[in-house]
Amino acid sequence: MSDLLAGSDGQSPLPAVPQLFQLDPIDVVDGWQQDLVDCYQSMMVLIAGKAQLEVHDALQQRASESMRGHGELVNGL
93 MSDLLAGSDG
103 QSPLPAVPQL
113 FQLDPIDVVD
123 GWQQDLVDCY
133 QSMMVLIAGK
143 AQLEVHDALQ
153 QRASESMRGH
163 GELVNGL
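The opening residue of the sequence shown carries number 93 in my numbering; numbering runs sequentially from there.
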């Protein structure tokens, strides 16, 4: 039974991902996707470890600073 739960590496309790679902060769990350990921990560760093009111204030400040900051915030969300 444990053989059924072990992955191909013997460590993971999940089965190995079938080759059908390995989309890396056809789903190449383009520049726009990378910009969205960067904006999301930037937003997460901005709000990490803050209380709800502090998060609201930080997001409001970022959105009010400039149009670029507002755009990055929207893309991050």
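C-beta atoms are modelled at their ideal positions from N, C-alpha and C, and glycine is treated no differently.
Straight-line Cα distance separating Val137 from Val147: Counting from one through the sequence shown, the residue named residue 147 turns up at place 55. Counting from one through the sequence shown, the residue named residue 137 turns up at place 45. In a straight line, the C-alpha of Val147 is about 11 Å away from that of Val137.
Hey, how far is the Cα of Asp127 from the Cα of Gly141? If you number the sequence shown from 1, residue 127 lands on position 35. If you number the sequence shown from 1, residue 141 lands on position 49. If you draw a straight line from the Cα of Asp127 to the Cα of Gly141, it comes to about 24 Å.
Considering only the beta carbon of each residue, do Gly161 and Arg154 sit closer than 8 Å? Walking along the sequence shown from the start, residue 161 turns up at place 69. Walking along the sequence shown from the start, residue 154 turns up at place 62. Yes, the Cβ-Cβ distance between Gly161 and Arg154 is below 8 Å.
Can you tell me whether Leu97 is helix, strand or coil according to DSSP? Residue mapping note: residue 97 aligns to position 5 of the sequence shown, counting from 1. Per-residue confidence for Leu97 stands at a pLDDT of 46, beneath the threshold of 50, marking its modelled position as unreliable; no derived number is given.
Could you spell out the range, first to last residue, of the alpha helix (DSSP H) harbouring Leu145? For this step, residue 145 is matched to residue 53 along the sequence shown. That run of the alpha helix (DSSP H) goes 144-157.
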